[in-house]
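See below for the structure under consideration.
There are 2 protein chains.
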Amino acid sequence: MGVRYSSLSLCSPTHQNHQSFRLATFTCDTKQKSNFSFYPTDKDRIFNTHYRRVSLFAITQFSICGLHSRIGNLKCGRVKEMETRQGIATKEALNLQSVDQDLVQKMVYDALVWSSLHGLVVGDRSVQRSGKVPGVGLVHAPFALLPVSFPESHFREACELAPIFNELVDRVSLDGKFLQESLSRTKKVDPFTSRLLDIHSKMLELNKKEDIRLGLHRSDYMLDEQTKSLLQIEVNTISSSFSGLSCLVSELHRSLLIHYGERLGLDSKKVPGNSAVIQFAEAMAKAWTEYNNARALVLVVVQSEEHNMYDQHWLSSVLKERHNVTTIRKTLAEIDAEGELLPDGTLLVGGQVIAVVYFRAGYAPTDYPSESEWRARLLMEQSSAVKCPSISYHLAGTKKIQQELAKPNVLESRFLDNKEDIAKVRKCFAGLWSLDDSEIVSKAIENPELYVMKPQREGGGNNIYGEDVKETLLRLKKDGTDEDAAYILMQRIFPSVSLTFLMRDGICHKDHAISELGIYGAYLRIKEKVIMNEQSGYLMRTKVASSNEGGVAAGFAVLDSLYLT
Amino acid sequence: MGVRYSSLSLCSPTHQNHQSFRLATFTCDTKQKSNFSFYPTDKDRIFNTHYRRVSLFAITQFSICGLHSRIGNLKCGRVKEMETRQGIATKEALNLQSVDQDLVQKMVYDALVWSSLHGLVVGDRSVQRSGKVPGVGLVHAPFALLPVSFPESHFREACELAPIFNELVDRVSLDGKFLQESLSRTKKVDPFTSRLLDIHSKMLELNKKEDIRLGLHRSDYMLDEQTKSLLQIEVNTISSSFSGLSCLVSELHRSLLIHYGERLGLDSKKVPGNSAVIQFAEAMAKAWTEYNNARALVLVVVQSEEHNMYDQHWLSSVLKERHNVTTIRKTLAEIDAEGELLPDGTLLVGGQVIAVVYFRAGYAPTDYPSESEWRARLLMEQSSAVKCPSISYHLAGTKKIQQELAKPNVLESRFLDNKEDIAKVRKCFAGLWSLDDSEIVSKAIENPELYVMKPQREGGGNNIYGEDVKETLLRLKKDGTDEDAAYILMQRIFPSVSLTFLMRDGICHKDHAISELGIYGAYLRIKEKVIMNEQSGYLMRTKVASSNEGGVAAGFAVLDSLYLT
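Residue numbers (UniProt numbering), protein chains in the order written: chain F, 1 to 565; chain P, 1 to 565.
Written out as structure tokens, the structure reads:
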């Protein structure tokens, strides 16, 4: 199993000399994409990582945090403040410590009201039916009260990468041999990837061509504090979430700064505009138009329970209101029951023609509890409907492919022509290695704190850190089985920590947090003609980086936007 | 106590011959403004009446329903249908019986999503904190799935009355002697009205002038099925609720008809535009401007717990976004603690100058649990802030004043000049009488089913119907005390019943329902100059009119809009 978090990130020249990290100073040591124990809703969680480890020492010191204990959720007061730790460097546009408490309370209240009136909401897990029936059990989505400072140059850099990654995913998807070969060892140890590859093989056998190719991706980055470089975490090619809610958070922050910016010394214009949902809807509508059947629908493949449904509904709503395109929502099991393939390849679901299949489920093993769901996936793949994503787009976003693309000369020889583009892509790649690279394995055993071991099979704290990296690597070396194919090694990224007001369940928590920037990209291609290839808004996610002495702390993540510095 | 529901409605010439009702046919017999057992949130309930009694007989039959038993809430299925009763006349633009079930399900889903995304929400009483903290425990506001048919001529009639009633309230408010004299007997038996009158007397003694007078009223009507006439239930001069949410329901209905109208045979353009919240905010902003202090705020007087807070927040939000006017929310107790009156009459709350006091609390005895709240009310009344409403506007909306204005020649001799206006007002008046009118009392004893006895003290099913009217009138006659001053008699109105889809808590109920139309009116006057006097949108409320054999049934009310026929 295990292609949950699609990733695309390579061994960057900058980080080949990873040994240099030993002498470096770190502010925060994050687990990149460690996961939850249950799949179904992971994709729509705000952070894919639940636990992050933070250096408790001063930033000029280097610390190894190897413990893995999980601590329960933070207890909350109305505005809760964690003890402040000396030495954490924050280069913030705003020093939150200096903000008047009354002003914070006012902003908190206004922000909660704003969220309720403007649909910045999710289903409240504590309320029954809230993941099934719209309109009941609503609660504001978790959000940061104020946008996080982010250098404009790095934001531009990330934005400029979007069309390049869009194109790269498309090219990788067309190289069936590369996908099959790269994933051949993973296939042996990961049943989920194996099933995806089987569908992919069938399509290759059928010589199935996807003339209309729609990609709605999100490439995630962190800003490495020490190197001041933007490093990619992964590219999501399936079910890139929060295009709907992220726009609202940007709007919320602009609105707060319009009213309170003067007192805070902040300018609302420095929150970049965000029209992710409008651009995603436009791309989908264009794909729908290309399909050329006025009666056809967009099928949103959903999980049977979805607490992040309003994010998805925003996209459907914009599709309907701006483009008069209707969506229907079906689970894979329902599609198996109601789906039908006409001889000409037309996909019918409940008797209705489907022009575009948009996956907001199907990325996790738990989305396929029986053969029924796999039949549905295959049925859709065989059809002439536009798949977002197709099976090859899906596979192009896997962690293993991310690592394979990181190998020297792969990008250059197979996928990209433009040298500037290649340089830009290389620049954002964190170090990424296969376990058959014995040199790296030795280095990681020597300095495990500089690496993360990521299993192909994700979903539930499976990432391995610190001393566990060393132990696992030594065990695998000794065993000498195929099990090593289930892992890749990735450079650990140390983003800066900043003081943040995090809003959850109506309560404001003041805490130290780290942020991850996601850049949406929309891509539409009809055979040789690229109809759309653009950067399409952004998502900032911010997560508590608090810690107890020497260990790991439970944290939570919120939606955020950015303030350009 | 009891000036909860402000009313203004007179004995109309049309209904002087109330005996004619005996021969009439009735479809539905409603309790006009019977109340709940607890005050604090009544004003913002969707219907002020919780229980209505319905004729179970065919419309050509007359029925007396005297029972008062309360039955628990209806049990609900996904789309619940009550048994259909033969003989109920509905002249609907749409025959709901013929609507395809699949189509209903689609509309239900879309409507629930729409509500969640567009802020058509309330606090869910079953969730703790939902009445105190914004952003948590949200649920869609109860609403009708489709607008109710309403004759365009009657809608226009109601709209045209708005500026006349605005002006009438203002004139009545200026006649201190009339207010005090009319309420003198009520004062003896109703401690709440008595306290309001005390404040009013103090203002008269101080010769306090309100130069800037702001009225945000709502006049409520029902369409009497038998006489085909629009009859007024009351005018609300304090805390006229739902200006925010009613606009959204109109928008929701328009949106549904844009998408499904063709299949339903309905035209979205026949749902009248509704900009109640924008017009109310504009009136408030103009009053704020007239107060002429750029730093001054609007004070919203609130209850400590408020599940209808989002309706109020919409108004504050529009004030802020469109007019850059800031509101603060305080309870009467907080105002007592933080309020201060400067020698020049300036009202300070928490050190901030208040330009406009907007009451969304203070209309019910339970809003004044101690002397603290009365002190706050007096403090505000003494100030130079614009009160919405002032004590005299508040009193002008009481039931007793409604009845006093109904006396022959009162309108003409004291308050209105224009004969056309007088005729229009008279036309909408239901019969309304004092209990010192022995002729009417005799008639009511003879035909109690044609009357409602309304106590000045409201709040908790205090209205008296049917045989109870007869018994109470006979007892009062025998006792010969002042107790009769606590009641007025009102003609009962029999609106038509129509099949309706009512949405509550994510569940669609198909049931027979009756509707009440509220027309908002905004009025602003600076001394002799009328700055604003207009009809300002509408509110339709629809309520289940179902019944068990021979008795009273529990029902619930939803927000609605109208479809002009």
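C-beta atoms are modelled at their ideal positions from N, C-alpha and C, and glycine is treated no differently.
For the 7 Å CB-CB criterion, P369 (chain F) and F192 (chain F) do not form a contact.
The beta carbon of I258 (chain F) is closer than 7 Å to those of S268 in its chain, skipping five residues each way along the sequence. Rounded to whole angstroms, the gap between the alpha carbons of R492 (chain F) and Y465 (chain F) is 9 Å.
For L138 (chain F), the C-beta contacts it makes with chain P under 7 Å involve S116, V121, L138, V139, in order along the chain. T398 (chain F) has its alpha-carbon roughly 15 Å from the corresponding atom of V189 (chain F). By the neighbour-count definition (other C-beta atoms within 10 Å, threshold 16), S255 (chain P) is a buried residue. Scanning its chain for C-beta atoms nearer than 6 Å, with the 5 sequence neighbours on each side dropped, one finds around D124 (chain P) the residues S130, G137, V139, in chain order. Three or more beta-carbon pairs separated by less than 8 Å link the segment 387-395 of chain P to the segment 167-181 of chain P, which places the two stretches in contact. Contact between the segment 352-361 of chain F and the segment 275-287 of chain F is present, with at least three C-beta pairs closer than 8 Å. Spanning the alpha carbons of W433 (chain F) and D484 (chain F) requires a straight line of approximately 12 Å. Using a Cβ-Cβ cut-off of 8 Å, S317 (chain F) is close to V113, W114, L117 of chain P, given in chain order.
Listed along the chain, the chain P residues whose CB falls inside 8 Å of the CB of W314 (chain F) are L117. In summary, the residues of the segment 496-528 of chain F whose CB is separated from some CB of chain P by less than 7 Å are D505, G506, in the order they occur in the chain. Residues of chain P whose Cβ lies closer than 7 Å to the Cβ of V302 (chain F) do not exist; the shortest such Cβ separation is about 12 Å. Residue pairing of K454 (chain P) in beta bridges, as defined by DSSP: P:I488. Just so you know, the alpha carbons of L297 (chain P) and E306 (chain F) end up roughly 42 Å apart.
Between the alpha carbons of L252 (chain P) and S115 (chain P) lies a distance of about 8 Å.
N293 (chain F) is positioned such that its CB atom lies no closer than 7 Å to that of Y523 (chain F). Between V108 (chain F) and chain P, the shortest Cβ-Cβ separation is not below 7 Å. Going by C-alpha positions, K529 (chain F) is about 39 Å away from T227 (chain F).
In the three-state reduction of the DSSP assignment, Y393 (chain P) falls in the helix class, which pools H, G and I. Classified as exposed, L474 (chain F) has fewer than 16 neighbouring CB atoms from the shown chains inside 10 Å of its CB. Contacts with chain P (Cβ-Cβ distance below 8 Å) from the segment 123-135 of chain F involve D124, V127, R129, V133, P134, G135, listed in chain order.
Between the beta-carbon of S515 (chain P) and that of R541 (chain P) there is about 7 Å, and that keeps the pair under the 8 Å contact cut. For the segment 353-376 of chain P, the set of residues with a beta-carbon nearer than 8 Å to any beta-carbon of chain F is empty.
Under DSSP, D560 (chain P) forms a beta bridge with P:M540. Across the structure, L179 (chain F) and K454 (chain F) are spaced so that their CA atoms are roughly 19 Å apart. Here the segment 374-385 of chain P makes contact with the segment 336-349 of chain P; the two share three or more CB pairs at distances below 8 Å.
Proximity of chain F to Y310 (chain P) at the Cβ level (cut-off 7 Å) is accounted for by S116, L117, in chain order. K510 (chain P) and L564 (chain F) have their C-alpha atoms some 53 Å from each other. In terms of CA proximity to N308 (chain F), F:G119 leads the group F:S194, F:S536, F:G119, F:S184. Of the candidates P:A281, P:R213, P:F143, P:R263, P:R263 places its Cα closest to the Cα of D102 (chain P). When Cβ pairs closer than 8 Å are counted between the two stretches, the segment 232-245 of chain P is seen to touch the segment 205-220 of chain P, the count reaching three or more. Across the structure, I328 (chain F) and I531 (chain P) are spaced so that their CA atoms are roughly 50 Å apart. In the three-state reduction of the DSSP assignment, N409 (chain F) falls in the coil class, being assigned neither a helical nor a strand state.
Per the coordinates, the alpha-carbon of S229 (chain F) lies some 13 Å from the alpha-carbon of E152 (chain F).
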